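Numbering (our numbering), first residue to last: 8 to 285.
What follows is a short report on a single structure.
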């Protein structure tokens, strides 16, 4: 029964990767055991992948490219597609938009934004979710989340603004070491030339006006210079393209930014919490 369920979760891209691997393996006259020995996996693992009992992992695709791809890059190209279909369903429509963005304006209220999470922080956060994911699913989601970071170093630079509610910095996720690493990483990101990171302090509403009260906000400028908003809550998502609504979100974001600490003070605040000495 478990095997039948696994087959149902294997998406089209993973099935295609398995089919190509099997075809190339047979063309070379290799057994599953020999292919396993060339890629660092067991013959049983290769068999499970080819029979769709277990979807191909990101690491297996890397090794298949080295051991079987013959320099074609075919398995490397499939990595992006396989990663995409392993993302949470509500995020799949937004993920390609994020990766092609010209600019991002982000506001996070509860935890560090996914683009800015360390691997350990993301793992602790995902593993603690409900319903509780399997260890294999946790690793799939961590790999997918870390893959998003290539946006930081893309040749056509993406300008990224992130405003973090102070509560994000003070809410421990994982143990002390995990949180310290996460804070240090945020400080590292803040020093990037294409990143503007600001902190919205807890006392921002002391004057009676708190612009960040409505929660997380993701605004994207597309390559066509259109603007869209992405919202996500309780594993449900909403992609908004209506210009009037997106305009309201942009104005609200500007209000949040105006109430936040400036970038220099924000960096100093994060470094202080992380125990970073300069």
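No residue lacks a Cβ here, since even glycine has one placed at the ideal position from N, Cα and C.
Predicted model only: the values in this text are computed from it and were never measured.
Give a yes or no on whether the C-beta atoms belonging to residue i and residue j are separated by under 8 angstroms.
i, j, result
"residue 48", "residue 33", "no"
"residue 175", "residue 117", "yes"
"residue 114", "residue 223", "yes"
"residue 82", "residue 154", "no"
"residue 75", "residue 31", "yes"
"residue 190", "residue 129", "no"
"residue 207", "residue 251", "no"
"residue 21", "residue 92", "yes"
"residue 86", "residue 66", "no"
"residue 131", "residue 180", "yes"
"residue 245", "residue 235", "no"
"residue 119", "residue 165", "no"
"residue 226", "residue 264", "no"
"residue 150", "residue 90", "yes"
"residue 125", "residue 57", "no"
"residue 237", "residue 101", "yes"
"residue 218", "residue 259", "yes"
"residue 68", "residue 106", "no"
Across which residues does DSSP place residue i in a beta bridge pair?
i, result
"residue 189", "Note: residue 189 sits in no beta bridge, so no partner."
"residue 172", "207"
"residue 239", "244"
"residue 114", "170 and 224"
"residue 234", "228"
"residue 89", "Bridge partners of residue 89: none, in fact."
"residue 202", "167"
Could you give the first and the last residue of the continuous beta strand (DSSP E) run that contains residue i?
i, result
"residue 244", "243-247"
"residue 256", "No beta strand (DSSP E) contains residue 256, which is instead part of the alpha helix (DSSP H) from 250-266."
For the alpha helix (DSSP H) containing residue i, name the first residue and the last one.
i, result
"residue 280", "270-281"
"residue 182", "Looking at the DSSP string, residue 182 is not in any alpha helix (DSSP H), and its letter there is neither H nor E."
"residue 108", "Here residue 108 belongs to no alpha helix (DSSP H), and DSSP marks it neither H nor E."
"residue 30", "19-35"
"residue 55", "50-57"
"residue 73", "65-74"
"residue 101", "First-last for residue 101: undefined, no H or E at that position."
"residue 41", "39-46"
"residue 16", "9-16"
Whole alpha helix (DSSP H) runs in the stretch 122-160 with 4 or more residues, listed along the chain?
Look at the stretch 122-160 and you find these whole runs of alpha helix (DSSP H), each 4 residues long or longer: 126-134 and 142-154.
Contact between the stretch 225-232 and the stretch 190-210 (3+ Cβ pairs under 8 angstroms):
no
If contact is defined by three or more beta carbon pairs under 8 angstroms, each pair taking one atom from either stretch, is the stretch 134-150 in contact with the stretch 164-179?
no
With three or more C-beta pairs closer than 8 angstroms as the rule, is the stretch 95-102 touching the stretch 39-53?
Contact fails: fewer than three Cβ-Cβ distances are below 8 angstroms.
Quick check: the stretch 199-217 against the stretch 144-158, are at least 3 beta-carbon pairs closer than 8 angstroms?
no
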